[in-house]
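Novice: Just dropping this structure here.
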Amino acid sequence: MTNIHREYFDWQSIGVHAPGCRETLWEVRTLHRKRYKGGYEAGMRALCRSCSVVRELLASIGPEADPDSGDRLSGTSERTTAAAVVGYGSPAERVAGLWLHPGPPLLHGEPPGAYLLTADRRTPGAPAEVLGIVARQRGRRGGLLWTAGYGYHPPTNTTHGFKSRTAAVRWVAEQIHQNATEEAQA
Ligand SMILES: [Zn+2]
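Position one of the sequence shown corresponds to residue 65 (the numbering used here), numbered consecutively onward.
Right, here's the structure in full:
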């Protein structure tokens with residue numbers, strides 16, 4: 065008995081596009097990540113940039129449960145969601161000459177909690193392509209403020225307390241400009 069049945073019918077199409085979407089292909093990415101306490105996470109995510117459907121399959125391998133918290137560490141999960149929920153795959157926005165790539169919202173239904181900043185509209189594929197980051201922070205009276213980081217992973221220079229996202233992005237743009245000027249003078 066060969067595995068012919070498995071090869072044809074146990075493997076299924078990774079997802080279903082939204083009604084009316086004319087795209088037939090998916091952008092597929094894989095995840096391989098070490099987790100704490102010797103755990104490991106492997107996954108596959110399919111994204112359609114046309115209808116924004118995201119389909120994720122994840123397997124976590126490790127000790128059955130965290131000895132401290134009791135959280136399950138091993139298992140599989142799958143979900144169908146939207147680009148707005150994961151951030152990745154959402155359209156980039158241009159502010160102060162930089163492109164803003166949204167991250168996931170902090171809470172469901174909220175706007176993105178952070179944005180990666182690049183010089184290019186293209187979705188960044190490596191940390192080296194990221195020029196900076198801006199993130200929402202809670203102010204002292206519960207108000208919304210923004211933190212800006214120039215550089216990424218880790219930022220080389222960070223400033224807190226901007227009143228708007230635009231102001232935070234402008235600060236990063238200024239750091240990039242200053243750095244370029246200093247390098248040109250050196
Ligand atoms: Zn689609």
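Quick reminder that beta carbons are idealized off the backbone N, C-alpha and C, glycines included.
1) Which of the three DSSP states is assigned to H172 in this structure?
2) Quick one: what does DSSP say T230 is sitting in, helix, strand or coil?
3) Below 8 Å on the Cβ atoms is my contact criterion, and I expect T222 with T230 to pass it. Report the Cβ-Cβ distance as a whole number of Å.
4) Indicate whether L170 and I240 have their beta-carbon atoms separated by less than 7 Å.
5) Pick from Q242, T144, V198: whose alpha carbon is nearest that of W82?
6) Restricting to runs no shorter than 4 residues, where is the alpha helix (DSSP H) found entirely within the stretch 115-139?
7) Which residue or residues does DSSP assign as beta-bridge partners of A110?
8) Mind pulling the beta strand (DSSP E) runs of 3 or more residues that sit fully within the stretch 178-242?
9) In the DSSP output, which residue or residues are listed as bridge partners for K98?
10) Is G126 closer than 7 Å to G107 when the C-beta atoms are compared?
11) Please find out if some non-hydrogen atom of ligand 1 comes closer than 6 Å to the beta-carbon of E247.
12) Going by DSSP, which residues form a beta bridge with H165?
13) Can you give the beta carbon distance from E87 to E120, rounded, assuming they're within the 8 Å contact cut?
14) Am I right that S124 and R99 are in contact with their C-beta atoms under 8 Å? What's the rounded C-beta distance?
15) By DSSP, does E87 sit in helix, in strand, or in coil?
16) Quick check: what's the CA-CA separation for G173 versus D74?
Specialist: In this structure, then:
1) coil
2) helix
3) Contact doesn't hold; Cβ gap of about 18 Å is too wide.
4) no
5) The sequence as given places Ala at residue 82; Trp does not occur at that position. Selected option, being the one with the closest Cα: T144.
6) none
7) V92, R119
8) 178-182, 196-202, 208-214, 221-226
9) Y104
10) no
11) no
12) L180
13) Actually they do not touch by this definition, with Cβ atoms about 18 Å apart.
14) 7 Å
15) coil
16) 35 Å
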